[in-house]
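Here is the structure we will look at.
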Amino acid sequence: MSYLENLIKIFISSSIINNIILIQFLGLCSYIGLTDNLSSSIGMSFAVIFVTVSSSILAWMIDNWILIPTGLQPALQITAFILVIGSFVGLVELYIKKASPNLYKAMGIYLPLIATNCLILGVTFINSMTKYDFVESIVSGFGIATGYAIAMLLLAGIRERLRNSDLPSFFKGKAIAFMISGILSLAFLGFSGIIK
Amino acid sequence: MKKLKIIWDAIIPNNPVLIISIGLCSVIAVSNSVKSALLMTFVFALVQIPSNVLISAMRKIIPNELRVPIFVSVIAAFTTIAALLSRAFFNPIYQVIKLYILLVVVNCIIIGRAEAFAYKNGIFDSLLDGIGNTIGYGLVLVTIAIGRELIGKGTLAGIQIMPESYQPMLLMILPPAGFIFVGILTGAIETYLKQKGGKK
Chain D
21 MSYLENLIKI
31 FISSSIINNI
41 ILIQFLGLCS
51 YIGLTDNLSS
61 SIGMSFAVIF
71 VTVSSSILAW
81 MIDNWILIPT
91 GLQPALQITA
101 FILVIGSFVG
111 LVELYIKKAS
121 PNLYKAMGIY
131 LPLIATNCLI
141 LGVTFINSMT
151 KYDFVESIVS
161 GFGIATGYAI
171 AMLLLAGIRE
181 RLRNSDLPSF
191 FKGKAIAFMI
201 SGILSLAFLG
211 FSGIIK
Chain G
1369 MKKLKIIWDA
1379 IIPNNPVLII
1389 SIGLCSVIAV
1399 SNSVKSALLM
1409 TFVFALVQIP
1419 SNVLISAMRK
1429 IIPNELRVPI
1439 FVSVIAAFTT
1449 IAALLSRAFF
1459 NPIYQVIKLY
1469 ILLVVVNCII
1479 IGRAEAFAYK
1489 NGIFDSLLDG
1499 IGNTIGYGLV
1509 LVTIAIGREL
1519 IGKGTLAGIQ
1529 IMPESYQPML
1539 LMILPPAGFI
1549 FVGILTGAIE
1559 TYLKQKGGKK
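Residue numbers (the numbering used here), protein chains in the order written: chain D, 21 to 216; chain G, 1369 to 1568.
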């Protein structure tokens, strides 16, 4: 199997088959919190794609050039990853605040929380656990973030539709979002087995 | 009485998982078996309670601008301890839910409590708040895990409960059921609080 074929396989498997939200359950806080409005979920998806790809590059370099050669990986991996990614996201946040105040306002409380979004850190741990090489890490980070965007947009679109519909009072608010995610997740389960 | 209220507040009226909807990732992911739910609760307690206490003890010397990186480093240290401990003592379960244990470091509940409670309150109150949030989190996690494992496998923590003829419903231990269970519990607790508020 050629190298390119392998990369395509990683992309499809991380974006659709093992969809980060619906099958692996990472990044749910922003998934439930931001999807009651389509435009903020689009903004968040782009921010996540950008941050995920750059932090998988950063984390790969820290892991393979510093932590593994010095043998500090088991004890320092968590701390090193979170601090480096946290400060990187802090820089991005400052930049967006300056460059595009509207986007900054739209994302509200969730932009500072992107640093502590389990998805971003989760990607770096997944890459390090499966021992991807440099290019594979980038592809897997991009694939996972694309999967996040797909799930965000699906749920946001459905919730926009539901806003005016007559729901039983039991399901009003967040409960219905969970039920829809359950059904979406059932649909995504159908993709498993495409790649063996 | 006032002290007890701190614990109670974190369990039902402000339940971190069901009402505020944070820390959901691990709840849905590890709730397909009771054993991993218990290990996850143990790890969560090991991180939440000491980090709340330590941050509260240091709250007067932490500069306001640097508080988030300091919170994160404290939490990361306790997470490393908890992850290494569970690898040493509960290795088979640890291997299954490894990713979610490492990700306790970015669990929104712990950072949220550090920011919203421990940074502003005394050591003893923060200890109680940590305990309350651990119970609130663990209760939801273990309840869902019991439901899912009982229906999905007919067992509890690996012990056969349902009769031999019981046909397990595989869907319950697959991902979608996690969302559906959390949805039902959220609806239930919100309805309960609404009715209670209506009576006043």
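From the three backbone atoms N, C-alpha and C, an ideal C-beta is built for every residue, glycine too.
I'd like the span of the alpha helix (DSSP H) that includes residue i, first residue to last.
i, result
"G:K1428", "No alpha helix (DSSP H) holds G:K1428; DSSP gives it neither H nor E."
"G:E1517", "1491–1521"
"G:S1394", "1392–1398"
"D:L175", "154–182"
"D:E25", "23–32"
"G:M1537", "First-last for G:M1537: undefined, no H or E at that position."
"D:W85", "Unbroken run through D:W85: none, as it is neither H nor E."
"D:Y51", "48–54"
"D:G110", "93–119"
"G:Y1462", "1459–1470"
"D:F198", "194–209"
"D:I37", "Element bounds for D:I37: n/a, residue is neither H nor E."
"D:V143", "138–149"
"D:L187", "Per DSSP, D:L187 belongs to no alpha helix (DSSP H) and is neither H nor E."
"G:I1374", "1370–1379"
"D:G213", "Taken as a continuous stretch (DSSP letters only), D:G213 belongs to no alpha helix (DSSP H), as it is neither H nor E."
"G:I1479", "1476–1481"
Which same chain residues, not among the five before or five after residue i, have their C-beta less than 6 angstroms away from its C-beta?
i, result
"D:I69", "A165"
"G:F1485", "D1497"
"G:A1482", "I1423, F1439"
"G:P1437", "none"
"D:I178", "I200"
"D:Y51", "I41"
Excluding the 5 residues flanking residue i on each side, which residues of the same chain have their C-beta closer than 7 angstroms to its C-beta?
i, result
"G:I1396", "G1546, F1547, V1550"
"G:V1442", "S1419, L1422, I1423"
"D:V112", "V71"
"G:K1521", "P1536, I1541"
"G:I1514", "V1402, L1524"
"G:Y1487", "I1423, R1427, R1435"
For residue i and residue j, what's the separation of their Cα atoms in angstroms?
i, j, result
"D:K151", "D:P89", "15 angstroms"
"G:S1454", "D:F208", "32 angstroms"
"D:I30", "D:L42", "17 angstroms"
"D:L114", "G:Q1563", "44 angstroms"
"G:N1382", "G:S1394", "18 angstroms"
"G:L1479", "D:I146", "One detail in the question is off: residue 1479 of chain G reads as Ile in this sequence, not Leu. The alpha-carbon atoms of G:I1479 and D:I146 are separated by roughly 22 angstroms."
"D:C49", "G:S1533", "40 angstroms"
"D:S33", "D:I215", "7 angstroms"
"G:P1544", "G:K1428", "45 angstroms"
"G:V1398", "G:V1472", "12 angstroms"
"G:Q1416", "G:A1450", "11 angstroms"
"G:Y1505", "G:L1538", "25 angstroms"
"G:I1390", "D:A119", "30 angstroms"
"G:Q1463", "D:V104", "26 angstroms"
"G:Q1528", "D:M172", "39 angstroms"
"G:M1540", "G:N1489", "41 angstroms"
"D:I86", "D:S212", "36 angstroms"
"G:K1567", "G:V1411", "The pLDDT assigned to G:K1567 is 48, lower than 50, so where the model puts this residue is not dependable, and the model offers no usable value."
"G:R1435", "G:S1401", "36 angstroms"
"D:L81", "D:M149", "In the sequence on display, residue 81 of chain D carries Met and not Leu. Cα to Cα, D:M81 sits roughly 14 angstroms from D:M149."
"D:Y168", "G:F1446", "29 angstroms"
"G:T1409", "G:I1469", "10 angstroms"
"D:A176", "G:L1372", "40 angstroms"
"G:E1558", "D:E156", "44 angstroms"
"D:R124", "G:P1531", "The sequence shown places Tyr at residue 124 of chain D, not Arg. In a straight line, the C-alpha of D:Y124 is about 57 angstroms away from that of G:P1531."
"D:L92", "D:S189", "53 angstroms"
"D:Y23", "G:L1467", "27 angstroms"
"D:N84", "G:F1458", "28 angstroms"
"G:E1517", "G:A1405", "11 angstroms"
"D:P121", "D:N137", "21 angstroms"
"D:I116", "D:L139", "20 angstroms"
"D:L204", "G:A1413", "32 angstroms"
"G:I1430", "D:D153", "39 angstroms"
In the DSSP output, which residue or residues are listed as bridge partners for residue i?
i, result
"G:L1406", "For G:L1406, which the question treats as bridged, DSSP gives no partner whatsoever."
"G:I1527", "G:L1524"
Output needed for residue i: all residues of its chain with C-beta closer than 8 angstroms, excluding positions within five of it in sequence on either side, in chain order.
i, result
"G:K1403", "I1461, A1525, G1526"
"D:V73", "I158, G161, F162, A165"
"G:G1500", "I1374, I1375, W1376, D1377, A1378, I1379"
>> For the segment 175–195 of chain D against the segment 95–103 of chain D, do three or more pairs of beta-carbon atoms, one drawn from each stretch, fall closer than 8 angstroms, so that the two count as touching?
In response: no
> Is the segment 1507–1522 of chain G close to the segment 161–175 of chain D, with three or more CB pairs under 8 angstroms?
Replying inline: Fewer than three pairs of CB atoms, one per stretch, sit closer than 8 angstroms, so the segment 1507–1522 of chain G makes no contact with the segment 161–175 of chain D.
>> Using 8 angstroms as the cut-off, can you tell me whether the segment 47–62 of chain D makes contact with the segment 194–207 of chain D, which would need three or more C-beta pairs spanning the two stretches below that distance?
In response: yes
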